[in-house]
Amino acid sequence: HRADRLDNRATDLRSACFIPLGDHGVFVAGSDEVGAFDDVTRELADLLAATAEAALDRVTRESQLREQDRQLQQQNEQLTTLNRINETIREIDQAIVQAETRDEIDHTVCELLTSDDRFSFAWIGTVDPTAETLEPRAWAGNDQGYLASQQFSVGTSGTEPAANTAATGEVTMVTNIAANLREDSWRADALTRDFMSVLSIPLVYNGLTHGVLTVYADTRDAFDDTARAVLAELGETIASALSAIERKN
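In the numbering used here, the protein residues as written are 25 to 273.
Now the structure itself:
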């Protein structure tokens with residue numbers, strides 16, 4: 025009882041047995057009798073500890089397998105999503121090559137992005153330099169009056185993602201619109217229309233800006249880094265096609 029290994033002297037322990045459980049910790053057995061751990065008792069404690077260690081190893085392996093399955097499922101879902109986006113982009117590429125006017129390009133892009141319910145709503149806007157606002161020029165999908173509910177002021181704090189992209193010329197991605205709900209008024213308006221995530225892309229080619237493309241989805245995290253990169257490249261393709269139309273005119 026006077027041994028240093030018994031730190032808590034307030035206990036009634038007179039003898040104790042400490043058995044390692046691999047990476048899981050230490051199995052401790054104590055008794056209020058001196059010399060309680062004879063060979064038989066120690067063997068029993070060792071057997072119990074070995075059984076506990078084996079059970080903990082099994083739980084750890086099962087947990088690792090579940091995590092691996094979850095990661096594989098997530099990777100498959102991401103691959104499926106990417107394939108759908110790539111298929112849509114191929115359709116858009118084919119359509120804009122054949123388009124002859126800016127309006128045709130704008131409406132085709134918005135309609136194809138929302139055609140398979142992958143995205144809820146898409147629109148393209150142009151900056152009005154006089155009013156310093158982003159004005160819609162084409163849209164498709166389930167708008168539910170969202171465009172009419174917003175004042176897309178360029179360059180003000182807490183702006184809607186489309187207006188922010190128009191001001192900065194950079195991609196704006198919001199993976200969870202419900203976050204920071206009270207900070208930005210546009211978030212509440214978007215949520216009432218079941219918009220849960222949004223991605224806004226500048227339409228820029230060779231330094232010339234042709235507007236902003238903004239896409240909304242009814243699920244959180246609908247846009248990951250891969251989707252962001254692919255859609256940003258699409259924005260450059262659209263801007264290139266619009267530049268070609270202008271040169272032709």
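Note that CB positions come from ideal geometry on N, CA and C, so glycine has one too.
Are there 16 or more other CB atoms within 10 angstroms of the CB of residue i, so buried, or fewer, so exposed?
i, result
"F143", "buried"
"E184", "buried"
"D130", "buried"
"V50", "exposed"
"V188", "In the sequence under discussion, the amino acid at residue 188 is Asn, which differs from the Val named in the question. Label assigned to N188: buried."
"P160", "buried"
"L237", "buried"
"T150", "buried"
"V133", "buried"
What separation, rounded to the nearest whole angstrom, lies between the Cα atoms of residue i and residue j?
i, j, result
"A190", "Q174", "15 Å"
"R252", "A268", "24 Å"
"P226", "L171", "18 Å"
"L215", "F42", "57 Å"
"T75", "V83", "12 Å"
"A164", "T138", "7 Å"
"L96", "T104", "12 Å"
"A34", "S221", "58 Å"
"D63", "G46", "22 Å"
"E260", "A78", "57 Å"
"V239", "D93", "31 Å"
"N110", "G179", "32 Å"
"E115", "L258", "11 Å"
Give every residue of the same chain whose Cβ lies closer than 8 Å to the Cβ of residue i, excluding the five residues on either side of it in the sequence, and list them in chain order.
i, result
"T250", "Q102 and L106"
"A212", "L205"
"D36", "D56"
Which same chain residues, not among the five before or five after residue i, have their C-beta less than 6 Å away from its C-beta?
i, result
"A256", "V195 and I225"
"A40", "G54"
"D127", "none"
"A263", "L227, V228, Y229 and H234"
"R38", "H25, D56, E57 and V58"
Could you tell me whether the Cβ of residue i comes closer than 8 Å to any Cβ of chain C?
i, result
"T199", "The structure shown contains no chain C; it is built from a single protein chain."
Would you list the one or two residues that DSSP bridges to residue i?
i, result
"A53", "C41"
"Y170", "Looking at the DSSP assignment, Y170 forms no beta bridge with any residue, so it has no partner."
"M197", "L223"
"A162", "I148"
"V236", "G149 and P226"
"S177", "T157"
"A241", "S221"
Spatial neighbours of residue i within its chain, please: C-beta separation below 7 Å, excluding the five flanking residues on both sides.
i, result
"V198", "P185, S221 and V222"
(message) Taking 8 Å as the cut-off, does the segment 107–119 touch the segment 207–215 (at least 3 CB pairs, one atom from each stretch)?
(response) Contact annotation: the segment 207–215 does not touch the segment 107–119, with fewer than three C-beta pairs closer than 8 Å.
(request) Kindly confirm or deny that the segment 82–96 and the segment 227–237 touch, where touching means at least three C-beta pairs closer than 8 Å. (result) Touching, no, given that fewer than three Cβ pairs across the two stretches are closer than 8 Å.
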